[in-house]
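**Q** Counting in numbering that gives the first Met the number 0, the sequence shown runs from 0 upward without gaps. Heads up, the beta-carbon is just placed ideally off N, CA and C, and yes, glycines get one too.
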Amino acid sequence: MSEAISKTFKEARKIVIKIGSNTLSKEDGTQNTEFMQNFARQCRNLIDLGKQVILVSSGAQVSGISITREWARKKDVHFRQALCAIGQVELMSQWRKAFSLQNLHIGQLLLTKDDFKNDHRSLNIRNTMFTLVDEGVVPIVNENDSVSIDEFSIGDNDNLSALTSILWSADLLILLSDIDGVYSDNPKTNPDARLIETVDNIQDLRNSIKIGSTNSFGTGGIETKIQAAEKTTVYGIPLLLANGSTPDIIDSLLNGSAKGTLFLAQ
């Protein structure tokens with residue numbers, strides 16, 4: 000049982016949850032609609048508990064591959080952005096279906112790095128988020144991949160979710176990835192790697208672990224998750240990293256039965 004995770008989760012009212020591409024994809028790289036429907040049900044549970052939820056969803060490229068499979072191997076940036084344009088429509092369609100089963104509406108926010116740098120635009124984003132949530136709508140944020148080129152293009156939704164959390168003044172950011180949390184080494188290659196359950200000093204963490212690279216579907220990896228934690232924790236927002244493939248992961252984190260890595264707020 001992880002009492003620290005459960006306690007932090009239960010105390011949080013405004014929660015941002017980021018779902019990585021690997022969590023949203025099946026082994027063949029296509030969309031995992033079963034996960035999406037189950038996740039929407041868990042969000043309904045949170046809302047019924049009086050919590051507010053903003054979702055940061057990767058998966059536009061994965062969704063595009065589900066529709067246009069012959070583009071899957073194309074690496075050219077223009078094809079990738081076009082694939083995301085196709086996939087974003089499918090991604091939101093599947094999220095709409097999943098949340099409608101829970102009698103919830105969704106709203107889409109496509110953002111770029113520059114949106115957070117511009118005071119006028121960032122204020123408009125914040126106001127839209129508050130309005131949607133106050134009206135019982137679940138905002139779904141994603142990078143505007145079809146117009147973003149530079150890295151944190153936003154390129155990784157870990158940092159996007161961190162900026163979203165700060166802008167919305169969230170109480171907790173949850174990153175759902177394909178690992179249980181931060182390990183002392185890569186657990187896929189080192190059986191002696193140790194899960195680090197709580198982090199109160201990120202620089203000490205950096206000095207004590209080995210950081211690997213990303214995989215085929217994701218754009219982040221552990222490095223971008225640590226970067227996200229560096230952003231949120233200084234604003235008093237704890238960050239929780241957990242495995243999105245764990246059955247009923249949100250319910251399990253809430254009741255303390257799922258493991259993860261909790262970055263404590265500064």
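Touching or not, the segment 182 to 193 and the segment 29 to 44, by the rule of three or more beta carbon pairs under 8 Å?
**A** The segment 182 to 193, when compared against the segment 29 to 44, does not touch it at the 8 Å Cβ threshold.
**Q** Excluding the five sequence neighbours on either side, which residues of its own chain have a C-beta within less than 8 Å of the C-beta of serine 5, listed in chain order?
**A** Cβ neighbours of serine 5 beyond the five flanking positions: Leu252, Leu253, Asn254, Gly255.
**Q** With which residues is lysine 17 paired in a DSSP beta bridge?
**A** For lysine 17, which the question treats as bridged, DSSP gives the partners Val55, Leu174.
**Q** Does DSSP classify phenylalanine 262 as helix, strand or coil?
**A** Looking at phenylalanine 262 - three-state DSSP - the assignment turns out to be strand.
**Q** Are glutamate 196 and serine 1 close, meaning C-beta to C-beta below 8 Å?
**A** Their beta carbons are under 8 Å apart, which means glutamate 196 touches serine 1 by this criterion.
**Q** Between serine 62 and arginine 79, what straight-line distance do the alpha-carbon atoms span, to the nearest angstrom?
**A** Computed Cα separation, rounded: 12 Å.
**Q** Bridge partners for threonine 197 per DSSP, in chain order?
**A** Answer is Leu261, bridged to threonine 197.
**Q** Roughly how many whole angstroms lie between the Cα atoms of leucine 82 and glycine 19?
**A** Computed Cα separation, rounded: 17 Å.
**Q** Could you check whether glutamate 134 and leucine 159 sit closer than 8 Å to each other, using their CB atoms as the reference points?
**A** No.
**Q** Tell me, to the nearest whole angstrom, how far the beta carbon of leucine 261 is from that of threonine 7; I am working on the premise that it is less than 8 Å.
**A** Contact flag correct, Cβ pair sits at about 6 Å.
**Q** Determine which residues share a DSSP beta bridge with tyrosine 182 and list them.
**A** Partner(s): Leu194.
**Q** What separation, rounded to the nearest whole angstrom, lies between the Cα atoms of threonine 22 and asparagine 31?
**A** Looking at the two C-alpha atoms, the distance is approximately 8 Å.
**Q** Going by CA-CA distance only, name the one from Ala84, Gly220, Arg43, Lys209 that's closest to isoleucine 178.
**A** Checking every option, the nearest Cα to that of isoleucine 178 belongs to Gly220.
**Q** Run through DSSP, which three-state label would valine 132 get?
**A** DSSP places valine 132 in helix when its eight states are reduced to three.
**Q** To the nearest angstrom, how far is the alpha carbon of phenylalanine 115 from that of glutamine 265?
**A** Using only the alpha carbons, I get a separation of about 22 Å.
**Q** Taking the alpha helix (DSSP H) that leucine 253 falls in, what are its first and last residues?
**A** Unbroken alpha helix (DSSP H) run through leucine 253: 248 to 254.
**Q** How long is the line joining the alpha carbons of glutamine 107 and valine 52, rounded to whole angstroms?
**A** Their backbone Cα atoms lie some 13 Å apart in a straight line.
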